Amino acid sequence: MAASVEKLKQKEKKEPVIEAKEIQQEKKEPVIQLSKSDLTDIIQNVVTEMLDKREKK
């Protein structure tokens with residue numbers, strides 16, 4: 004069980020990096036690499052802020 008979890012974690016880390024390199028070659032711009040947990044945190048923060056602003060109105 005633990006071994007399969009580790010494999011999944013490794014896959015998650017490897018895939019976005021490959022995509023980022025491809026994008027970087029096309030655009031020649033710096034690429035910000037974010038893990039899925041980073042993206043989840045950002046999305047949760049944005050949604051929370053939007054809901055807070057709605058409640059204040």
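For the sequence shown, the working numbering begins at 4 and goes up steadily by one.
Ideal Cβ positions, reconstructed from N, Cα and C, are used throughout, including at glycine.
Since we're looking at a predicted model, the values are computed, not measured.
Residue i - DSSP class collapsed to helix/strand/coil
{"i": "K56", "result": "helix"}
{"i": "L37", "result": "coil"}
Same chain, Cβ closer than 7 Å to residue i, five either side skipped, listed in chain order
{"i": "V50", "result": "none"}
{"i": "T43", "result": "none"}
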